[in-house]
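Participant: Line by line, the protein sequences give chains S and E.
According to my numbering, the first sequence is numbered sequentially starting from 42.
According to my numbering, the second sequence is numbered sequentially starting from 66.
Where a beta carbon is used, it is the ideal one built from N, C-alpha and C, also for glycine.
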Amino acid sequence: MTVPDAAELRARIRVRRRDFDVDATLDVAPGETVAIMGRSGAGKSTLLGALAGLTPLDEGEISVDGRVLDRAPRLRTAPMHRGIVLLGQEARLLPHLTARENVAFGPRAAGVPASVARDTAEQWLVRVGLPGTGDRRPAQLSGGEQQRVAVARALAAEPRVVLLDEPLVALDAVTASEIRAMLRERLAGVTTVAVTHDAIDAAALADRLVIVERGRVTQQGPVREVLSTPLTDVAARIAGLERLVGEARGGAFVRGALRLESADPASRALAATDGAALAAVYRATDARLGEGTAVRVVSVEPTPTGVRVVTDEGAVEVAPIEAASIRRGDTVLWSVPPERVRFVASR
Amino acid sequence: MKDAGYIPRWLIVPAVLGLLFLLVPLTALIARVEWATLGSDVTSEAALSALVLSLGTGAVATAVCAVVGIPLALLIARSPARTAALLRAVVTVPLVLPPMVGGVALLYLFGRNGWFGFLGLPFTTTAVVLAQVFVALPFLVLAVEGALRSTGVEFERAAASLGASRATILRRVTLPLAAPGIVAGVVLCFARAIGEFGATALFAGNRPGVTQTMPLAIYTAFNGAGVSQGTAVALSLLLLITAVAVLLLVRGWRPGVGR
Numbered sequence: 042m043t044v045p046d047a048a049e050l051r052a053r054i055r056v057r058r059r060d061f062d063v064d065a066t067l068d069v070a071p072g073e074t075v076a077i078m079g080r081s082g083a084g085k086s087t088l089l090g091a092l093a094g095l096t097p098l099d100e101g102e103i104s105v106d107g108r109v110l111d112r113a114p115r116l117r118t119a120p121m122h123r124g125i126v127l128l129g130q131e132a133r134l135l136p137h138l139t140a141r142e143n144v145a146f147g148p149r150a151a152g153v154p155a156s157v158a159r160d161t162a163e164q165w166l167v168r169v170g171l172p173g174t175g176d177r178r179p180a181q182l183s184g185g186e187q188q189r190v191a192v193a194r195a196l197a198a199e200p201r202v203v204l205l206d207e208p209l210v211a212l213d214a215v216t217a218s219e220i221r222a223m224l225r226e227r228l229a230g231v232t233t234v235a236v237t238h239d240a241i242d243a244a245a246l247a248d249r250l251v252i253v254e255r256g257r258v259t260q261q262g263p264v265r266e267v268l269s270t271p272l273t274d275v276a277a278r279i280a281g282l283e284r285l286v287g288e289a290r291g292g293a294f295v296r297g298a299l300r301l302e303s304a305d306p307a308s309r310a311l312a313a314t315d316g317a318a319l320a321a322v323y324r325a326t327d328a329r330l331g332e333g334t335a336v337r338v339v340s341v342e343p344t345p346t347g348v349r350v351v352t353d354e355g356a357v358e359v360a361p362i363e364a365a366s367i368r369r370g371d372t373v374l375w376s377v378p379p380e381r382v383r384f385v386a387s388r
Numbered sequence: 066m067k068d069a070g071y072i073p074r075w076l077i078v079p080a081v082l083g084l085l086f087l088l089v090p091l092t093a094l095i096a097r098v099e100w101a102t103l104g105s106d107v108t109s110e111a112a113l114s115a116l117v118l119s120l121g122t123g124a125v126a127t128a129v130c131a132v133v134g135i136p137l138a139l140l141i142a143r144s145p146a147r148t149a150a151l152l153r154a155v156v157t158v159p160l161v162l163p164p165m166v167g168g169v170a171l172l173y174l175f176g177r178n179g180w181f182g183f184l185g186l187p188f189t190t191t192a193v194v195l196a197q198v199f200v201a202l203p204f205l206v207l208a209v210e211g212a213l214r215s216t217g218v219e220f221e222r223a224a225a226s227l228g229a230s231r232a233t234i235l236r237r238v239t240l241p242l243a244a245p246g247i248v249a250g251v252v253l254c255f256a257r258a259i260g261e262f263g264a265t266a267l268f269a270g271n272r273p274g275v276t277q278t279m280p281l282a283i284y285t286a287f288n289g290a291g292v293s294q295g296t297a298v299a300l301s302l303l304l305l306i307t308a309v310a311v312l313l314l315v316r317g318w319r320p321g322v323g324r
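1) Would Ser389/S pass as a contact of Val258/S if the rule is Cβ separation under 8 Å?
2) Would you call the region 274–294 of chain S in contact with the region 250–265 of chain S, where contact means no fewer than 3 C-beta pairs closer than 8 Å?
3) Spell out whether any CB of chain S is found under 8 Å from the CB atom of Leu139/E.
4) Which residues in chain E sit within 7 Å of Val126/S, going by Cβ to Cβ distance?
5) Please work out which residues of its chain come closer than 7 Å, Cβ to Cβ, to Gln130/S, disregarding the five sequence neighbours upstream and downstream, and give them in chain order.
6) Got a sec: is the Cβ-Cβ distance from Gly147/S to anything in chain E below 8 Å?
7) Leaving out the 5 sequence neighbours to the left and right, which residues in its chain are closer than 7 Å to Val132/E when beta-carbon positions are compared?
8) Would you tell me roughly how many angstroms separate the C-alpha atoms of Gly170/S and Gln164/S, rounded to the nearest one?
9) Can you tell which of Ala293/S, Asp60/S, Ala245/S, Trp375/S has its C-alpha closest to the C-alpha of Gly331/S?
10) Is Val338/S closer than 8 Å to Ile367/S when the C-beta atoms are compared?
11) Please say whether Leu128/S and Ala191/S have beta carbons closer to each other than 8 Å?
12) By Cβ distance, which residues of its chain are closer than 6 Å to Gln261/S, with the 5 residues on each side in sequence left out?
13) Rounded to a whole number of angstroms, what is the C-alpha to C-alpha distance between Ala282/E and Glu210/E?
14) Confirm, please, whether the CB-CB distance from Ile77/S to Leu88/S is below 8 Å.
15) Please state whether the Cβ-Cβ distance between Thr232/S and Val202/S is less than 8 Å.
16) Along chain S, which residues have their Cβ under 7 Å away from the Cβ of Pro241/E?
17) Taking only the alpha-carbon atoms, compute the straight-line gap between Ala302/E and Val89/E and give it to the nearest angstrom.
18) I'd like to confirm the pairing. Which residues does DSSP put opposite Ala386/S in its beta bridges?
19) Does the Cβ-Cβ distance between Leu253/E and Ala208/E come in under 8 Å?
20) Hey, is Ser230/E's beta-carbon within less than 8 Å of any beta-carbon in chain S?
21) Taking the CB atoms as reference points, tell me whether Leu301/S and Val377/S lie closer together than 8 Å.
22) So, at 7 Å on beta carbons, what are the nonlocal neighbours of Leu174/E in its own chain, with the 5 sequence-adjacent residues on each side left out?
23) Just list the residues that DSSP pairs Arg337/S with in beta bridges.
24) Helix, strand or coil for Ser366/S? Go by DSSP, reduced to three states.
25) Looking at the C-beta of Arg194/S, does it have a partner C-beta in chain E at a distance below 8 Å?
26) Counting only Cβ-Cβ distances shorter than 7 Å, please list the residues of the region 97–117 of chain S near chain E, keeping chain order.
27) I'd like the span of the alpha helix (DSSP H) that includes Ile234/E, first residue to last.
28) Between the region 95–106 of chain E and the region 342–350 of chain S, can you find at least three pairs of beta-carbon atoms closer than 8 Å?
29) Between Gly321/E and chain S, is the shortest Cβ-Cβ distance under 8 Å, so that the two count as touching?
30) Which residues in the same chain have their Cβ closer than 7 Å to the Cβ of Pro273/E, if we skip the five residues on either side of it in sequence?
31) Kindly indicate the opening and closing residues of the beta strand (DSSP E) around Phe294/S.
32) Interface residues of chain S around Val238/E at Cβ under 7 Å?
33) Name, in chain order, the residues that DSSP records as bridge partners for Thr66/S.
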């Protein structure tokens, strides 16, 4: 997706940390939204910090529309001169200013006359769904409203690139979903990098998904593609999928006594080479108990919609009634229908 | 009190004792005021010139403290933890030092044989201001620094990310957010400045109209050098009223933060 007037972001970021180096290349097409996902401490925030100009690069280069902002080790552009705005978990509205003054802050700082900035702010408040709240102070707004004002404030500054650092994580589920929808609408056509823990955010907001593990990009691609064919355990967990590692034998996936078949042509093609390292991915709710391979139950955990039975081979999520008699240490029969299994190459 | 928590109830006894210890002496002072001669005592030339000198030097000293103290507070608040601790300790020294010692130190620095002796400062009104700045600056710096540190830099980061220059951030973010601390610091600083006695006495002397501020006038009055004890009591009352007035003034003007 390429949008005229939007900026292209190219970044090769290397930051040395005590635990490991963050080393990633991130190219975002004009108007595109890229989601970065990974476990806590994987280096996502370091990447955002580097893009925002808060963390110096040890190696690499960051440029927006061909204009080099940072080039290690010498060139650094201060946060206020980058045209990159960071929207974090907390709204960080200036408490002594009204909502309107907060939104007008960016335009005012850029030298826009007060009356014009005021009108711009008023328009942005309407766009984020808060008409008529301009005179209120942040303390008089709910958490969700504050985050809406923060979005208005960020976009009113007309940034070249928007960075999101889990802006929905501090909100309740209903508010988060409303603001997610608003963000989707407002960020269309704005070059955006979004760090999130929630695959729902990635699916709703992003065009591309980048999985980061221990500072490295382990998988990237269109969001749907990454979520349906996770190449690593972390990616699988993010996608809400189970992932078993084994090998191809006789057109099927084999792992010890366990044998799974797939109805998916691409998966069958991968399994055609005997001995190829293979991972089987499936959704826990698609697995069945009562037929198939005998496995031992490791744990039984209630989930919002059922019960997750973890076995020494793979997990399965079933209705509470089905799991009522299952105890830890039991041996159960387990299978996944071939039309619900996909194979991906394993590394 | 909406929520008193769960502290032992008997703590009220020492608490009230402490309160009484602060209030009763002031009551005793007011009881000794000779209301008949109060008017003439307060408006006597010596009293008025001392009052004017105290308010004037106190105001100038407070302004000087604000001009150098707020930047110093910013420096401390934004230094790495160890540097900040060191700087804070340095700033605290005049606070824990007997003011007399400060006066002696200033005298050695600015006295006739001191490094800056050529300026001829001792026993001038400027010396009064210098003595007040020396003892009052820590109050302002520590109050402002505390406010700056508790606010942190996140708001400044947000402002920078929106494209605000450093000057804009200082004017529209940092200073407004520190306003409660700055107001508290300025009040404490002014109160300490007009109450300053020890360093002033040593470094600036006790010349009526030039260096004789209210505390020195009160001291002189008590020693019976020309003025009666009635004058001393009246001057003390005046100083007390000034202090209360400053406090009320500040409470009347509440900064918009944290409402």
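Facilitator: According to the structure data:
1) This structure leaves residue 389/S out entirely; chain S is present only between 42 and 388.
2) yes
3) Numbered from 1 along the second sequence, position 74 holds the residue referred to as residue 139/E. Leu139/E does not count as touching chain S.
4) By one-based count along the first sequence, residue 126/S stands at place 85. Residues of chain E passing the Cβ test: Ser226, Leu227.
5) On the first sequence, position 89 is the one that residue 130/S refers to. The residues are Asp206, Glu207, Pro208, Val210, Ala211.
6) Reading the first sequence from its first residue, position 106 is the one you call residue 147/S. Gly147/S counts as touching chain E.
7) Within the second sequence, residue 132/E is the residue found at index 67, counting from 1. Here the set comprises nothing.
8) Translated into the one-based positions of the first sequence, residue 170/S becomes position 129. Translated into the one-based positions of the first sequence, residue 164/S becomes position 123. Going by the C-alpha atoms only, they are around 10 Å apart.
9) On the first sequence, residue 331/S is found 290 positions in, with the first residue counted as 1. Nearest option by C-alpha distance: Trp375/S.
10) To locate residue 367/S, count along the first sequence from 1; it is residue 326. To locate residue 338/S, count along the first sequence from 1; it is residue 297. Yes, the pair counts as a contact, with Cβ atoms nearer than the cut-off.
11) In the first sequence, counting from the first residue as 1, residue 191/S sits at position 150. In the first sequence, counting from the first residue as 1, residue 128/S sits at position 87. Yes, the Cβ-Cβ distance between Ala191/S and Leu128/S is below 8 Å.
12) The sequence position of residue 261/S within the first sequence is 220, counting from 1. For Gln261/S, where only same-chain residues beyond five positions count, the Cβ hits under 6 Å are Val251.
13) The residue you call residue 282/E lines up with position 217 of the second sequence. The residue you call residue 210/E lines up with position 145 of the second sequence. Straight-line Cα distance between these residues: approximately 34 Å.
14) Here residue 88/S corresponds to residue number 47 of the first sequence, with the count starting at 1. Here residue 77/S corresponds to residue number 36 of the first sequence, with the count starting at 1. Yes, they are a contact pair.
15) What you label residue 232/S is simply residue 191 of the first sequence in a count that begins at 1. What you label residue 202/S is simply residue 161 of the first sequence in a count that begins at 1. Yes.
16) By 1-based counting over the second sequence, the position of residue 241/E is 176. Result: His137.
17) As a first step, residue 302/E must be located in the second sequence, where it is residue number 237. As a first step, residue 89/E must be located in the second sequence, where it is residue number 24. Position check: residue 302/E holds Leu in this sequence, whereas Ala was assumed. Using only the alpha carbons, I get a separation of about 14 Å.
18) For this step, residue 386/S is matched to residue 345 along the first sequence. Bridge partners of Ala386/S: Leu319/S.
19) If you number the second sequence from 1, residue 253/E lands on position 188. If you number the second sequence from 1, residue 208/E lands on position 143. In this structure, Ala208/E lies closer than 8 Å to Leu253/E by Cβ.
20) Stepping through the second sequence from its first residue, residue 230/E is reached at position 165. For Ser230/E, the answer is yes, since a Cβ of chain S falls inside 8 Å of its Cβ.
21) In the first sequence, counting from the first residue as 1, residue 301/S sits at position 260. In the first sequence, counting from the first residue as 1, residue 377/S sits at position 336. Val377/S sits close to Leu301/S, with the two beta carbons spaced by under 8 Å.
22) Here the question's residue 174/E lines up with position 109 in the second sequence. Hits under 7 Å: Trp180, Phe181.
23) Working through the first sequence from its first residue, we reach residue 337/S at position 296. According to DSSP, which records beta bridges pairwise, Arg337/S is partnered with Thr372/S.
24) Translated into positions along the first sequence, residue 366/S becomes position 325. Coil at Ser366/S, not helix or strand.
25) Taking the first residue of the first sequence as position 1, residue 194/S is located at position 153. Yes, contact with chain E.
26) none
27) Taking the second sequence and counting its residues from 1, one reaches residue 234/E at position 169. Unbroken alpha helix (DSSP H) run through Ile234/E: 231–234.
28) Verdict: no, contact absent.
29) Along the second sequence, read from residue 1 onward, the residue named residue 321/E stands at position 256. Low local confidence applies: a pLDDT of 45 at Gly321/E is under 50, so the model's placement there is unreliable, and no value is given.
30) Position 208 of the second sequence, counting from 1, holds the residue named residue 273/E. So the list reads Ala111, Ser114, once near-sequence residues are dropped.
31) In the first sequence, counting from the first residue as 1, residue 294/S sits at position 253. Per DSSP, Phe294/S belongs to the beta strand (DSSP E) from 293–296.
32) The residue given as residue 238/E occupies position 173 in the second sequence. What Val238/E touches in chain S: Leu135.
33) As a working note, residue 66/S is residue 25 in the first sequence. Answer is Arg53/S.
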